[in-house]
Structures are given as C-alpha cells and as structure tokens.
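Colleague:
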Amino acid sequence: MTGWQPKRYTRAQLEERRLAALHHLQAGTHTHQDIADYFGVSVKTVSTWVERHKKHGTLNATVTPGRTPRLTDEQRDQVRTRLRQGALSHGFPDATWTTPRVRDVIGQHLGVWYHRDHVRKLLRALGFTPQKPDGRAWERNDHRIVTWVEQVRPELEKKGR
C-alpha cells in the first residue's frame, strides 16, 4: 500500500481520511496496522474509528455548534432599540456611543456584562459600524463663516499685498 497524504489537515480532510479508512475497514482485507500505516495514524486511532462506527454507525464529522449566545434574539433586538434611542436618552452627557457606554447599557438593562473589547464584535453583529466624529465644533456658525470669507477675507488679502 502507498501512504495517504493530504496537503493539509483541515476538518474536511480529516473526515475524508476517516471515510476512506472506513472502506478499508469494511473490506476486511487489511489489518489495523496496515490501515494505520497507510493513513498515517496510530493503531489506537484505527481502533477508535472501529468503535465509533459500531456505536454511531458513521465516521462523519460531528457538528460543533459553538457556545450559546449570552443574549437571546429578543435581547439583541432590545439592544438595537436602546442604541437607536440615543446616548442622551440613557443619561450620557453627549450623543456619542462608545463601547464602554454600550457595555454599561447592556449590563444595566439586561444583566449581561461583556468585556468592553467584545462589545465591538457585538455591535458589528447587530449591524452597527464604527463612525468617525465630524471634527467640527458644535458652536460652528456656517452663516458667519460664509460672511467672513466673502467680506473680511478679501479686505485682508488687499491689505497683505
């Protein structure tokens, strides 16, 4: 037999190897040692595959669902609603939502406390994107700026020449 060598061991390739080994096991023409050598695993692994096949009837990969979310879908909708109400309505001094502020609102209203660095991921999952501040002063008076540019600036340029 020649060796079975995948290019890299991804989850899909590991499953492919197990399923390919299953055909050799079911054929019954090879020893566990021959199969282990061919697929580059230990004899114990082949024995584990045999037991797994007997117990579950398959060697297909199992689904890993991951950790259950800390917020339910209903709670996520509540977070979305609270964020759209604005930071001022939650008692903050300005309208800026920062991750510590979002963390505090979630913790106080829903009892789930996230690390402030994780709030960014939660906000992205809820459809919010980071925004850069405008950079202009709130006290800015566009009318006075236009007036200055049209009237005062030409006079200063004349004096400068």
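Numbering (our numbering), first residue to last: 1178 to 1338. Virtual Cβ for every residue (Gly too), placed ideally from N, Cα, C.
Going by Cα to Cα distance, which pick from 1239, 1323, 1249 and 1214 is closest to residue 1288?
Modeller: 1249
Colleague: Classify residue 1222 as helix, strand or coil using the three-state DSSP reduction.
Modeller: Residue 1222: helix per DSSP, three-state reduction.
Colleague: Quick one: using the 10 Å Cβ neighbour count with 16 as the cut-off for buried, is residue 1333 buried or exposed?
Modeller: exposed
Colleague: Indicate whether the contact test is met: 3 or more Cβ pairs, each with one atom in the segment 1186–1200 and one in the segment 1234–1249, closer than 8 Å.
Modeller: Judged by Cβ distances under 8 Å, the segment 1186–1200 makes contact with the segment 1234–1249, as three or more pairs qualify.
Colleague: In three-state DSSP terms, what is residue 1217?
Modeller: coil
Colleague: For the alpha helix (DSSP H) holding residue 1255, just list the boundary residues, first then last.
Modeller: 1250–1262
Colleague: Below 8 Å CB to CB, which residues in the same chain sit around residue 1202 once its five sequence neighbours on both sides are set aside?
Modeller: For residue 1202, same chain residues with a beta-carbon under 8 Å away, outside a window of 5 residues either side, are 1212, 1223, 1226, 1227 and 1230 in chain order.
Colleague: Closest to residue 1253 by C-alpha separation, out of 1305, 1326 and 1335, would be which residue?
Modeller: 1305
Colleague: How is residue 1309 classed by DSSP in three states: helix, strand or coil?
Modeller: coil
Colleague: How is residue 1303 classed by DSSP in three states: helix, strand or coil?
Modeller: coil
Colleague: Excluding sequence positions up to five away, which residues of its chain have a Cβ less than 8 Å from the Cβ of residue 1271?
Modeller: Apart from the 5 residues on each side of it in sequence, residue 1271 sits with its Cβ closer than 8 Å to the Cβ of 1264 and 1265 in its chain, given in chain order.
Colleague: Taking the continuous alpha helix (DSSP H) assigned at residue 1331, which residues delimit it?
Modeller: For residue 1331, the uninterrupted alpha helix (DSSP H) segment begins and ends at 1330–1337.
Colleague: Excluding the 5 residues preceding and the 5 following residue 1303 in the sequence, name in chain order all residues of the same chain whose CB lies nearer than 7 Å to its CB.
Modeller: 1253, 1256 and 1257
Colleague: I need the straight-line Cα distance from residue 1318 to residue 1309, nearest angstrom please.
Modeller: 21 Å
Colleague: Candidates 1286, 1275, 1328 and 1242: which alpha carbon is nearest residue 1259's?
Modeller: 1286
Colleague: Please report how far the alpha carbon of residue 1290 lies from the alpha carbon of residue 1242, in whole angstroms.
Modeller: 23 Å
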